[in-house]
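Keeping their order, the protein sequence lines are chains A and B. Start counting the first sequence at 10; every next residue gets the next number (our numbering). Start counting the second sequence at 10; every next residue gets the next number (our numbering).
2 protein chains.
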Amino acid sequence: MLNFTVGPVMAGDDVLRIGGEQVPYFRTPEFSAVMKENEQLMLEFSKAPEGSRAVFLTASSTGAMEAAVMNCLSEKDKILIINGGSFGQRFVDLCALHDVPYTELKLEHGQKMTRDRLYSYNAKDFTGLLVNVDETSTGVLYDTEMLGEYCRQNNLFFICDCVSSFLADPFDMAHCGADVMITGSQKVLACPPGISLIVLSPRAVERVHHAKVRSMYFDLADALKNGERGQTPFTPAVGILLQIHARLLEIKRQGGADVEVARVAAQAADFRKKIKGMPFSFVSESPANAVTPLHPLRGKAYDIFLKLKDEYGIWICPNGGDMRDTVFRVGHIGALTHEDNTKLVAAFEDLMLKGLL
Amino acid sequence: MLNFTVGPVMAGDDVLRIGGEQVPYFRTPEFSAVMKENEQLMLEFSKAPEGSRAVFLTASSTGAMEAAVMNCLSEKDKILIINGGSFGQRFVDLCALHDVPYTELKLEHGQKMTRDRLYSYNAKDFTGLLVNVDETSTGVLYDTEMLGEYCRQNNLFFICDCVSSFLADPFDMAHCGADVMITGSQKVLACPPGISLIVLSPRAVERVHHAKVRSMYFDLADALKNGERGQTPFTPAVGILLQIHARLLEIKRQGGADVEVARVAAQAADFRKKIKGMPFSFVSESPANAVTPLHPLRGKAYDIFLKLKDEYGIWICPNGGDMRDTVFRVGHIGALTHEDNTKLVAAFEDLMLKGLL
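Right, dumping it as C-alpha cells:
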C-alpha cells in the first residue's frame, strides 16, 4: 500500500530493518547512550535554547499534550487556546479536565490566524498560550514567530503542539520563544507510533519541577530525573526509541532540520502543483507542509478514501466528525517521493474518468 | 545476544517479520477486525467471565496499573495491597497518589503468602484487594485461587497485576473471581514493549462507567466505547498491536493458554534443574514460572550481569535498589529454548572456573 496519511507514515529502510530485529534489554549503558543522543538531537532539531531538556513518553501524542498541560499549567494560570479544529478542541478539553482556566480563540475550519485576530485578545489577561502549530485536522499552519512575539511582549508561557509540523515546517524554539514543543514518533520522524516527545525550555523545566502532578505515569519531573542517566522511569517502547535514534541520525547525516523541512515542503509543493485544475478546493487558508486537506467538489470524501484503499492500494487520510464526507487529507510526510504523488494523481484522474470525482 | 531478562524478551519469527514491515493506516475496517480479534483472544486466554472486555493502552504496564487504580477505585474504597517488592510498592504509591485509602500487607522479599497471613487481615474492613500475581522483582507467585476465595467471601473488588504471570502461570479469571487483569506486550506475549492490556470483568466495566476520571489519556470508558468498533481513542502503537495479533493467533494454534503456560513452566523447570549444586540460593519461597531470582553466594549480582553481557553475549536481568548487588534474575519467557538454558549454565560454569561466581 502507498501511504499518504498523516500517521503512521511510511518508514525508511533503516527504521524497517531495526523493526525486524530483536528488541534489546534496555537498563544498560548502551541504551542510555542512545537515549542521551536522542535527547541531544531532539534539542538540536527543535533549535531549543541552552538548558532545554527532552523527554520521551511511551504514549500517543495526546498523552504528551495531557502531560504538558498537567506538568506546566495549573489552576493559577489563564490560558489563551487557539482552537481551529479537533486538536485545538483537544487542548480546550484537557484544560477543562485539569481545571486550568482558559479562553478560546476560535477559528473556522481552515481559517488562518491574523495579527489582528490575535491582538484583539488582550494578552494582559493571560499567563500562557496553547497552539497546535499545524492544526492537523485542517492543515492550517499558525505563525509561531508572530505568536511568539505576542507571548514575549506579555510574558506568556508558550506551548506549541508541533505533532505534525516538527521538521515539516520551519520552527525555531529559541527564536520564537516557545517553552514546550510536542511531537510524535509517527509523523516526520517516520517511525511506528508509540512514542511522543516533549522538549522543555529552561522555564518549562522550572515549571515541571514545581508542579504538583497527580499522575505517576505522566510525572515529567520523574522523566527528567531518569533522563539524566539516559533512562525512563518505566519500560519504554524500546524498539521505537531505537528506530527514532536511527532516523534522527539519518536526518543529521542529510544536513539537519532545515534540509528535512525543505524536503517535506518540496513534496507538498509538487503535489499541490500536480492537482491544479482538478475538482478540489483547498481547505486551509494557511497551508502547512505536512498535509493538504482537500474538499472534493464531486463525490463524498469518505467514499473516495475507501475507493482508493480498496481499488488502488492507496491510503489517503479520512477526516472524522463533521468533515467526514466533505474533507480528506493527503500527507506529505514519511518516505514518499514525487513519483508517489504522480501515482496518486493518476488514481484521481481515473476516478474522474469514472465520474466518481 | 541471548536474552534472559523479563522484558523486552526475544520474539518469534512472525512478530519479527511484522516488525520489519510498514505500519499500516489504522482507521480502517481491516484494523478494526484485527483489534476485535485481539480483544476476543485476550478474553479467551485470561478465561474472563461472560460480558468481560479488554482494552489496549499505548503505555508501559505502569500506565495500565495507574489506569486501573484511577478508573476502578476511589476515595470511597479501602484497599488491601499485598506489598512484597517493588511492584507491590508501586500499587501503594498509586493508591496514595490518587487518594484511595489502603492498608499494606507487607511481606519480606521472597516471602510467600500463606492463608494465615492473609486471613489475619479482617476482610470486612476492605472493599478491594490489589496484588501483583508474580511480584516480578522477587519472582514470588501469589495464589490467585486463595486470594479470590478471600475476596469472594467478603465481596472485595479484586485487581490482579499479571504483567509477567499472564500465560506463564495458571490463571482463571472467572474461577478466581478477578475483576481486573493487567499485562504487557513484552512479557509472555513476546512482542516489543509499548502496549499494556487490561481485561475488565462485567463488575469492573460497571465501575469504569461510573468513575470520575481526571485523565483523558487513561479514560477507560472512552477506550471501551472506541473498542466497540475495534478502535482506540488516540493513535495507538499500531505495529505492536499487529504483532500481538500474530502472537495471540500463534498461541491459539499451538493449543491455547494452558499449552503456553506448560511451555513456560517447562522452561523454568529445566533451568532450575540445570543449576542444582551451583553457588546460588533461591530468593522466592513461592517461585513463579516467568523468572528465577537468584542470590549468588560469591560475586556481586550486578557484576555478574555486566560480565555476562560484555563477555558472553548474554543478558540476565539485574535488580535495582537494595537488591542490586545481591540478586539477579533469569527469565523463562519469550522465544527461549532448553538449549539456551544450557548455554547460560555453561557461562555460569565458566565464571565459576574463573572464581567470579
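Heads up, the beta-carbon is just placed ideally off N, CA and C, and yes, glycines get one too. Keep in mind that this is a model prediction, so the values were computed, not measured.
Closer than 8 Å to the CB of Val-214/A there is not a single CB belonging to chain B. If you check the CB distance, His-304/A and Thr-346/A do not come in under 8 Å. Under the Cβ distance rule, Ala-177/A does not count among the residues neighbouring chain B, no pair being separated by less than 8 Å. Beta-bridge partners assigned by DSSP to His-304/B: Ser-290/B.
Leu-25/B has its alpha-carbon roughly 35 Å from the corresponding atom of Gly-148/A.
Spanning the alpha carbons of Ile-91/A and Pro-58/A requires a straight line of approximately 24 Å. Shown here is that no member of the region 295-311 of chain A has a Cβ falling below 8 Å from a Cβ of chain B.
Contacts with chain A (Cβ-Cβ distance below 9 Å) from the region 238-255 of chain B involve Thr-241, Pro-242, Phe-243, Thr-244, Pro-245, Ala-246, Val-247, Gly-248 and Ile-249, listed in chain order. Look at the beta carbons and you see the region 172-179 of chain A not touching the region 211-224 of chain A: under three pairs across the two are nearer than 8 Å. Take Thr-153/A, set aside five residues on each side of it, and the residues of its chain with a beta-carbon closer than 7 Å to its own are Val-142, Cys-169, Phe-180, Cys-185 and Ala-187, in chain order. Within chain B, the C-beta atoms nearer than 7 Å to that of Arg-36/A come from Pro-327, in chain order.
Within the same chain, Cβ atoms closer than 6 Å to the Cβ of Gly-322/B are found at Met-10, the five residues on either side in sequence being excluded. DSSP, read as helix, strand or coil, puts Ala-183/A in helix. For Glu-320/B and Cys-200/B, the gap between their C-alpha atoms comes out near 27 Å. Residue environment for Val-292/A: buried (at least 16 other C-beta atoms within 10 angstroms of its C-beta).
Fewer than three beta-carbon pairs drawn from the region 75-92 of chain B and the region 240-249 of chain B are found closer than 8 Å, and the two stretches are therefore not classed as touching. Under the Cβ criterion of 8 Å, Gln-263/B is not counted among the residues facing chain A. When beta bridges are read from the DSSP output, Tyr-111/B appears opposite Ile-88/B. Under the DSSP assignment, Met-155/A falls outside any beta strand (DSSP E), being part of the alpha helix (DSSP H) whose first and last residues are 153-163. In the structure shown, Met-74/A falls within a helical segment according to DSSP collapsed to helix, strand and coil. DSSP places Asp-170/B in the uninterrupted beta strand (DSSP E) bounded by 166-170.
With fewer than 16 other beta carbons inside 10 angstroms of its own, Pro-38/A counts as exposed. Around Glu-48/B, the same chain offers Ala-63 as residues with beta carbons nearer than 6 Å, after the five sequence neighbours per side are excluded. Residues of the region 186-210 of chain B with a C-beta less than 7 Å from any C-beta of chain A: Gln-195, Pro-201, Pro-202 and Gly-203, listed in chain order. Around Ala-255/A, the same chain offers Asp-23, Val-24 and Ile-27 as residues with beta carbons nearer than 7 Å, after the five sequence neighbours per side are excluded.
Cα atoms of Lys-283/A and Ala-344/A: separation of roughly 19 Å, rounded to the nearest angstrom.
By the criterion of a C-beta distance shorter than 7 Å, Ser-61/B is surrounded in its chain by Leu-52, Val-208, Leu-209, Ser-210 and Pro-211, once the five residues flanking it on both sides are discounted. Per the DSSP secondary-structure output, Ile-325/B pairs with nothing in a beta bridge.
Closest option to Leu-366/A, judged by alpha-carbon separation, among Ala-246/A, Leu-258/A, Glu-84/A and Ser-290/A: Ser-290/A.
Contacts with chain B (Cβ-Cβ distance below 9 Å) from the region 97-125 of chain A involve Arg-99, Asp-102, Leu-103, Leu-106, His-107 and Asp-108, listed in chain order. Between Ala-220/A and chain B, the shortest Cβ-Cβ separation is not below 8 Å.
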